[in-house]
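Protein chains in written order, with this note's numbering: chain A, 160 to 645; chain B, 160 to 645.
Number of protein chains: 2
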Amino acid sequence: MEIRPNLDAQSETALYRQLGSYLQDLIRSGELAAGDRLPPTRELAGQLGLNRTTVSAAYDLLESEGLIKGEVGRGSYVCGSPEPRAEKMNWSRTLTASPSTPAGTAASGTINFSSSRPSEAMFPLEEFRECCREVLENANLRTLMQLGSPGGYEPLRRYLLARAAEQGIARDSDDILITNGCQQALDLLRRALIRTGDKVALEEPVYPGLKNLLLEAGAELIGVPVGADGVDLPALQRALDAGAKVVILTPSFQNPTGASISAAHRATICGMIRTAGAALIENDIYSDLAYANGDVPPRLKQLDANVILMGSFSKIAFPGMRVGWILAPRPVIARATELKQLADLHTDHLSQAFLLRFAESGKLAAHQAKVVAAGKEKLRAVDEACRRYLGDCSWRLPAGGMNLWVELPAGVDAVSLRGLAQQAGIDYLPGRYFSISRSLDSGLRLSFAGLDPDEIRRGIEILGALVRQTAESRNSRAAQPALALV
Amino acid sequence: MEIRPNLDAQSETALYRQLGSYLQDLIRSGELAAGDRLPPTRELAGQLGLNRTTVSAAYDLLESEGLIKGEVGRGSYVCGSPEPRAEKMNWSRTLTASPSTPAGTAASGTINFSSSRPSEAMFPLEEFRECCREVLENANLRTLMQLGSPGGYEPLRRYLLARAAEQGIARDSDDILITNGCQQALDLLRRALIRTGDKVALEEPVYPGLKNLLLEAGAELIGVPVGADGVDLPALQRALDAGAKVVILTPSFQNPTGASISAAHRATICGMIRTAGAALIENDIYSDLAYANGDVPPRLKQLDANVILMGSFSKIAFPGMRVGWILAPRPVIARATELKQLADLHTDHLSQAFLLRFAESGKLAAHQAKVVAAGKEKLRAVDEACRRYLGDCSWRLPAGGMNLWVELPAGVDAVSLRGLAQQAGIDYLPGRYFSISRSLDSGLRLSFAGLDPDEIRRGIEILGALVRQTAESRNSRAAQPALALV
Numbered sequence: 160m161e162i163r164p165n166l167d168a169q170s171e172t173a174l175y176r177q178l179g180s181y182l183q184d185l186i187r188s189g190e191l192a193a194g195d196r197l198p199p200t201r202e203l204a205g206q207l208g209l210n211r212t213t214v215s216a217a218y219d220l221l222e223s224e225g226l227i228k229g230e231v232g233r234g235s236y237v238c239g240s241p242e243p244r245a246e247k248m249n250w251s252r253t254l255t256a257s258p259s260t261p262a263g264t265a266a267s268g269t270i271n272f273s274s275s276r277p278s279e280a281m282f283p284l285e286e287f288r289e290c291c292r293e294v295l296e297n298a299n300l301r302t303l304m305q306l307g308s309p310g311g312y313e314p315l316r317r318y319l320l321a322r323a324a325e326q327g328i329a330r331d332s333d334d335i336l337i338t339n340g341c342q343q344a345l346d347l348l349r350r351a352l353i354r355t356g357d358k359v360a361l362e363e364p365v366y367p368g369l370k371n372l373l374l375e376a377g378a379e380l381i382g383v384p385v386g387a388d389g390v391d392l393p394a395l396q397r398a399l400d401a402g403a404k405v406v407i408l409t410p411s412f413q414n415p416t417g418a419s420i421s422a423a424h425r426a427t428i429c430g431m432i433r434t435a436g437a438a439l440i441e442n443d444i445y446s447d448l449a450y451a452n453g454d455v456p457p458r459l460k461q462l463d464a465n466v467i468l469m470g471s472f473s474k475i476a477f478p479g480m481r482v483g484w485i486l487a488p489r490p491v492i493a494r495a496t497e498l499k500q501l502a503d504l505h506t507d508h509l510s511q512a513f514l515l516r517f518a519e520s521g522k523l524a525a526h527q528a529k530v531v532a533a534g535k536e537k538l539r540a541v542d543e544a545c546r547r548y549l550g551d552c553s554w555r556l557p558a559g560g561m562n563l564w565v566e567l568p569a570g571v572d573a574v575s576l577r578g579l580a581q582q583a584g585i586d587y588l589p590g591r592y593f594s595i596s597r598s599l600d601s602g603l604r605l606s607f608a609g610l611d612p613d614e615i616r617r618g619i620e621i622l623g624a625l626v627r628q629t630a631e632s633r634n635s636r637a638a639q640p641a642l643a644l645v
Numbered sequence: 160m161e162i163r164p165n166l167d168a169q170s171e172t173a174l175y176r177q178l179g180s181y182l183q184d185l186i187r188s189g190e191l192a193a194g195d196r197l198p199p200t201r202e203l204a205g206q207l208g209l210n211r212t213t214v215s216a217a218y219d220l221l222e223s224e225g226l227i228k229g230e231v232g233r234g235s236y237v238c239g240s241p242e243p244r245a246e247k248m249n250w251s252r253t254l255t256a257s258p259s260t261p262a263g264t265a266a267s268g269t270i271n272f273s274s275s276r277p278s279e280a281m282f283p284l285e286e287f288r289e290c291c292r293e294v295l296e297n298a299n300l301r302t303l304m305q306l307g308s309p310g311g312y313e314p315l316r317r318y319l320l321a322r323a324a325e326q327g328i329a330r331d332s333d334d335i336l337i338t339n340g341c342q343q344a345l346d347l348l349r350r351a352l353i354r355t356g357d358k359v360a361l362e363e364p365v366y367p368g369l370k371n372l373l374l375e376a377g378a379e380l381i382g383v384p385v386g387a388d389g390v391d392l393p394a395l396q397r398a399l400d401a402g403a404k405v406v407i408l409t410p411s412f413q414n415p416t417g418a419s420i421s422a423a424h425r426a427t428i429c430g431m432i433r434t435a436g437a438a439l440i441e442n443d444i445y446s447d448l449a450y451a452n453g454d455v456p457p458r459l460k461q462l463d464a465n466v467i468l469m470g471s472f473s474k475i476a477f478p479g480m481r482v483g484w485i486l487a488p489r490p491v492i493a494r495a496t497e498l499k500q501l502a503d504l505h506t507d508h509l510s511q512a513f514l515l516r517f518a519e520s521g522k523l524a525a526h527q528a529k530v531v532a533a534g535k536e537k538l539r540a541v542d543e544a545c546r547r548y549l550g551d552c553s554w555r556l557p558a559g560g561m562n563l564w565v566e567l568p569a570g571v572d573a574v575s576l577r578g579l580a581q582q583a584g585i586d587y588l589p590g591r592y593f594s595i596s597r598s599l600d601s602g603l604r605l606s607f608a609g610l611d612p613d614e615i616r617r618g619i620e621i622l623g624a625l626v627r628q629t630a631e632s633r634n635s636r637a638a639q640p641a642l643a644l645v
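Now the structure itself:
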């Protein structure tokens with residue numbers, strides 16, 4: 160019999176569970192009978208366009224419930240009667256449920272606009288190797304290989320704190336904690352500040368890794384719409400009035416919109432949040448990627464000592480090395496450091512030492528200058544291509560960062576369009592991934608920083624053509640008189 | 160006025176909060192008046208034997224409540240009246256509370272029995288450097304520096320899975336997730352399996368990093384006593400009958416007791432837990448450190464496919480590099496991988512690649528052979544020194560691992576003794592840190608693996624002398640007739 164599940168990659172239920180429960184229904188209903196052989200995982204994965212691991216996990220779920228049985232070299236068979244429960248764990252009952260939306264990966268050869276990451280073609284391998292060699296030859300390598308302190312590698316902590324003090328970001332009342340990139344900074348601050356049921360205000364659209372993390376923790380999310388100059392102030396005030404205890408903002412080059420909060424609004428926002436007594440977390444991972452000329456507005460942390468700032472090397476250097484930090488008032492860092500020890504003892508020593516050497520030697524600054532220069536080119540390509548090919552859409556050019564938000568014309572839906580886009584050799588993330596409470600199906604995120612200007616132009620040209628086709632076919636359908644409903 | 164707080168390092172309240180609330184009382188009661196200057200943090204830290212950060216965090220708490228005010232270069236002063244709340248966050252009200260017990264660090268020069276870690280003197284620096292160089296010269300360095308997959312570096316995943324399959328530990332139904340050492344494996348499994356209020360059975364005494372992690376998560380802990388051959392079976396059955404949903408065991412060379420579960424008991428335990436339908440997590444980080452001759456009993460994972468196994472390079476190689484793993488049935492790995500992505504995207508790539516090269520090249524096996532040979536010497540030193548110097552105590556020699564548990568004679572308390580021990584130049588962790596529900600004040604953990612045989616002998620000699628003195632002074636006090644209570 161044919162296996163044709165109706166899977167929804169945007170559902171809150173993981174794909175392997177959806178597939179598992181579809182197959183379970185087939186078995187329970189008798190459509191798959193005792194002794195029937197299930198297709199090999201590789202074959203079914205190919206048929207359904209799924210990762211093989213997803214299919215295997217679904218089969219394991221069924222096996223754990225005694226519905227099928229795998230035999231080495233022969234495949235999986237539907238069982239006559241369920242195996243005794245005691246033999247195998249019923250994992251679907253034991254495991255906590257996931258509120259996350261899986262994102263899927265792009266096929267190779269695709270022009271991939273779906274990941275907010277730097278271009279690896281620009282990584283300065285020789286310069287980086289030199290830094291690694293210096294660290295490895297150093298006599299303190301032995302200490303680096305030994306267990307360290309939860310707060311982080313002390314020379315890196317001191318370097319980052321001193322640099323932040325020079326820039327007027329850190330005060331005497333601040334301290335720093337090294338984390339595994341900004342994602343772990345979010346996770347630790349979540350544990351330090353947010354209890355189940357607490358209200359948290361986030362920009363909407365918002366980075367899915369932030370939304371999903373808070374949903375896992377049982378927080379109640381309040382989406383604050385993002386406009387041309389960042390979060391909408393009246394909506395933010397309403398969120399505070401509704402009892403938001405924590406506010407998380409990305410003031411510069413927000414992911415996914417690329418929007419920045421204007422200098423004028425920054426002080427107002429700090430004041431509003433301070434008055435409400437809420438904690439303010441500033442995601443500062445993109446602000447060094449400013450491509451436009453002119454002044455960069457101050458960080459919120461410069462305006463208010465209470466702000467908790469998250470930084471990272473991942474966007475300005477190499478995301479494969481997981482090093483970020485939290486800069487915050489000492490009581491916050493003391494608590495976050497306790498939680499860091501429980502989470503994973505401390506961040507990997509070698510990467511901390513390598514990146515410190517890379518920064519101290521001036522090589523990071525040199526690399527960053529090149530990245531910013533290339534970013535200007537990329538942004539110019541985005542601007543030109545959008546003007547030329549996305550006439551039916553609306554968008555707002557960011558002044559830096561990695562992401563651009565595109566609004567599709569009425570009637571074109573970003574999720575359906577994505578299937579066509581993938582077939583045509585491009586990929587992006589549909590708006591739905593970034594949604595908190597509003598439908599964002601007419602929007603999508605183009606992450607352009609990992610691509611070169613030529614790929615950007617070709618990708619946007621393909622996208623534009625698909626949008627036009629879809630809008631036209633929809634219009635021609637809409638033009639046909641509808642039959643009476645009977 | 161003198162500042163003499165009564166701090167309790169074993170309390171569930173962090174030290175900086177205890178100090179903060181003591182100072183708050185002094186201010187509120189008027190013993191510290193408006194305009195009074197608090198001692199500089201460095202000075203007070205010295206007086207109280209605290210870390211300076213602890214004192215700074217306490218001052219910040221007071222400042223956040225408007226009770227004191229820091230002036231650059233002049234120190235901190237008690238305020239006339241509390242500052243307006245809106246100006247500074249009240250962090251003590253905002254931050255989640257910590258149920259953890261801080262451990263403190265040993266002064267340098269101390270013979271430090273307090274950390275369960277390998278000896279850095281044995282790290283094979285040249286061999287490791289060679290592996291790093293090979294990885295850094297390789298053309299795929301660029302890919303390593305780019306964002307990767309939540310499951311881990313694919314070549315390392317495949318290597319570990321193949322090795323585990325060869326050893327009969329992994330089955331076709333298993334998959335692997337790379338984590339930041341075993342501590343993160345615990346944290347992810349906690350999120351995957353344990354909801355607030357769930358009952359979890361643990362060995363008692365138990366590693367504090369495990370206990371504290373579960374307390375933070377709101378689990379209800381059931382301690383199962385550890386005897387000569389591991390967990391007590393009737394007590395384990397009672398824990399299962401009481402509704403333990405998850406059981407976490409370290410079958411070989413348990414931390415802190417050094418005890419191992421006998422081969423005979425292992426199958427029984429798997430059967431008991433399977434029948435109860437509970438999930439079983441096997442902490443397998445010490446089992447490669449077997450110093451005695453003879454067969455090592457099978458891992459629980461070899462006896463039961465449902466078992467979730469945690470492994471790590473930290474104990475057999477270098478804990479400064481944070482690489483461990485979870486080997487488990489695929490549905491567990493699928494869920495844990497979702498959570499890993501939310502926790503920190505993925506584990507550092509370079510360390511994964513370095514350790515893979517170290518393992519594949521055979522250098523890890525060579526290093527491990529040396530560590531085991533040295534471990535035999537260390538264990539012999541432990542045995543001799545305990546027999547010679549700890550006649551008043553009882554202990555049970557482990558057959559491997561890093562830790563030994565010592566029971567003090569009646570009337571000698573491990574917490575008080577620790578103060579004397581630190582003055583005499585040794586340190587250890589008192590039993591209280593490892594307690595779940597029973598008083599363990601008469602016990603202590605000696606972590607011997609990081610020391611050389613000579614240090615072990617000297618350290619245990621010092622400990623033995625202190626125990627004798629304390630027991631004698633107590634006996635002479637006890638011999639004096641007690642006055643009538645009036």
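A virtual CB, placed ideally from N, CA and C, is assigned to each residue, including glycine. Everything numeric in this text was worked out from a predicted model, so none of it was measured.
Checklist entry - When burial is assigned at 16 or more other CB atoms within 10 Å of the CB, is A:T629 buried or exposed? => result In the first sequence, residue 629 of chain A corresponds to position 470, counting from 1. Buried, since its Cβ has 16 or more Cβ neighbours within 10 Å.
Worksheet item: So B:W564 and B:T416 are in contact, right, with Cβ under 8 Å, and what is the actual spacing, rounded?
Response: Sequence index remark: in the second sequence, residue 564 of chain B carries index 405 (1-based). Sequence index remark: in the second sequence, residue 416 of chain B carries index 257 (1-based). B:W564 to B:T416, Cβ: 4 Å. Contact.
Original post:
If the cut is a Cβ gap below 7 Å, which residues of chain B does A:W250 touch?
Top reply: One-based indexing of the first sequence puts residue 250 of chain A at position 91. Ordered by position in chain B, the residues that pass the 7 Å Cβ test against A:W250 are P488, P490, V491.
DSSP beta-bridge partners for B:S235?
Residue numbering aside, residue 235 of chain B sits at position 76 when the second sequence is read from its first letter. Its beta-bridge partners are B:G229.
Query - chain A contact residues for B:H508, given Cβ-Cβ distances below 7 Å - result: Taking the second sequence and counting its residues from 1, the one referred to as residue 508 of chain B is at position 349. Within chain A, the residues near B:H508 are G479, M480.
### Task
Just the chain A side, please: which residues come within less than 7 Å of B:N442 by C-beta, in chain order?
Counting from 1 along the second sequence, the entry for residue 442 of chain B is found at position 283. Here the premise fails: no neighbours, minimum Cβ distance about 15 Å.
*Whose C-beta lies closer than 6 Å to the C-beta of A:L468 among residues of the same chain, with five residues either side of it excluded?*
Position 309 of the first sequence, counted from the first residue, corresponds to residue 468 of chain A. Excluding sequence neighbours, A:L468 sits near E441, D443, K460, L486.
Under 9 Å, Cβ to Cβ, is there at least one residue of chain B near A:Q305? The residue given as residue 305 of chain A occupies position 146 in the first sequence. Judged by the 9 Å Cβ criterion, A:Q305 is in contact with chain B.
* Under three-state DSSP, which class holds A:M480? -> Locating residue 480 of chain A in the first sequence gives position 321, counting from the first residue. Coil.
Checklist entry - Counting only beta-carbon atoms, is B:R354 nearer than 9 Å to chain A? => result On the second sequence, residue 354 of chain B is found 195 positions in, with the first residue counted as 1. Yes - at least one Cβ of chain A is within 9 Å of the one on B:R354.
List the residues of chain B that A:K247 touches, going by C-beta distances under 7 Å, in chain order. As a working mapping, residue 247 of chain A is identified with position 88 in the first sequence. Simply N465.
For this session: State buried or exposed for A:Q206, treating a residue as buried only when at least 16 other CB atoms are found within 10 Å of its CB.
Result: Here residue 206 of chain A is taken as the residue at index 47 of the first sequence, counted from 1. Answer is exposed; the Cβ neighbour count stays below 16.
Quick check on the burial criterion: 16 or more other C-beta atoms within 10 angstroms. Buried or exposed for B:N299? Locating residue 299 of chain B in the second sequence gives position 140, counting from the first residue. So B:N299 counts as exposed.
Item to check | Close-in-space but distant-in-sequence residues of the same chain around B:G307 (CB under 6 Å, 5 per side omitted) | outcome: Residue 307 of chain B sits at position 148 when you count from the first residue of the second sequence. Closer than 6 Å at the Cβ level, and outside the excluded window around B:G307, lie H505, H508.
Check each candidate in B:A449, B:P456, B:I428 and name the one with the smallest Cα separation from B:V530.
By 1-based counting over the second sequence, the position of residue 530 of chain B is 371. Here the closest residue by C-alpha is B:A449.
_Using a Cβ-Cβ distance cut-off of 9 Å, determine whether A:Y592 contacts chain B._
In the first sequence, residue 592 of chain A corresponds to position 433, counting from 1. Not an interface residue.
Checklist entry - At a Cβ threshold of 9 Å, is B:Q183 touching chain C? => result Any reference to chain C falls outside this structure, whose protein chains are A and B.
_Would you call the segment 395 to 407 of chain A in contact with the segment 426 to 433 of chain A, where contact means no fewer than 3 C-beta pairs closer than 8 Å?_
yes
Contact check, A:D600 vs A:V574 under 8 Å by CB: the rounded distance?
-> The residue you call residue 600 of chain A lines up with position 441 of the first sequence. The residue you call residue 574 of chain A lines up with position 415 of the first sequence. The pair is a contact, with the Cβ atoms about 6 Å apart (cut-off 8 Å).
Practice prompt. Starting from the C-beta of B:L336, find all residues in its chain whose C-beta is less than 7 Å away, skip the five residues before and the five after it, and write them out in chain order.
Written response: As a working mapping, residue 336 of chain B is identified with position 177 in the second sequence. Only G310, G311, W484, I485, I492, A495, T496, K499 meet the Cβ criterion.
Margin query: The alpha helix (DSSP H) that contains B:E325, what's its start and end?
Written below: As a working note, residue 325 of chain B is residue 166 in the second sequence. Its alpha helix (DSSP H) spans residues 313 to 325.
Chain-ordered chain A contacts of B:S632 [CB-CB under 8 Å] = Walking along the second sequence from the start, residue 632 of chain B turns up at place 473. Simply none; closest approach about 36 Å.
Would DSSP call B:R196 helix, strand or coil? As a position in the second sequence, residue 196 of chain B is number 37, starting the count at 1. In the structure shown, B:R196 sits in a strand (DSSP, three-state: E or B).
Inset, instruction - Closer than 7 Å, Cβ to Cβ, to anything on chain B: give me those residues from the segment 338 to 368 of chain A, in chain order. - result: N339, G340, Q342, Q343, D346, R350, A351, L352, R354, G368
Would you kindly report the start and end of the unbroken beta strand (DSSP E) that includes B:R664? Chain B is shown only over 160 to 645; residue 664 of chain B falls outside these bounds and no answer can be derived.
For the putative contact between A:A360 and A:A403, defined by C-beta atoms under 8 Å, what is the C-beta separation to the nearest angstrom?
Locating residue 360 of chain A in the first sequence gives position 201, counting from the first residue. Locating residue 403 of chain A in the first sequence gives position 244, counting from the first residue. Their Cβ separation, rounded to whole angstroms, is 4 Å, which keeps A:A360 and A:A403 in contact under 8 Å.
- What residues are listed by DSSP as bridge partners for A:W564? If you number the first sequence from 1, residue 564 of chain A lands on position 405. BP columns for A:W564 point to A:R604.
Exercise. Measure the alpha-carbon distance for B:K537 versus B:A580 and round it to whole angstroms.
Key: The residue you call residue 537 of chain B lines up with position 378 of the second sequence. The residue you call residue 580 of chain B lines up with position 421 of the second sequence. Straight-line Cα distance between these residues: approximately 21 Å.
Straight-line gap, A:T253 to A:P314 (C-alpha atoms, nearest Å): Along the first sequence, read from residue 1 onward, the residue named residue 253 of chain A stands at position 94. Along the first sequence, read from residue 1 onward, the residue named residue 314 of chain A stands at position 155. Cα-Cα distance, rounded: 43 Å.
Thinking C-alpha only, which one of A:A329, A:I227, A:S223 is nearest A:P198?
By one-based count along the first sequence, residue 198 of chain A stands at place 39. Cα-wise, what sits closest to A:P198 is A:I227.
*asked:* Strictly under 9 Å for the Cβ-Cβ distance: is B:T629 near chain A by that measure?
replied: What you label residue 629 of chain B is simply residue 470 of the second sequence in a count that begins at 1. Output row for B:T629: interface = no.
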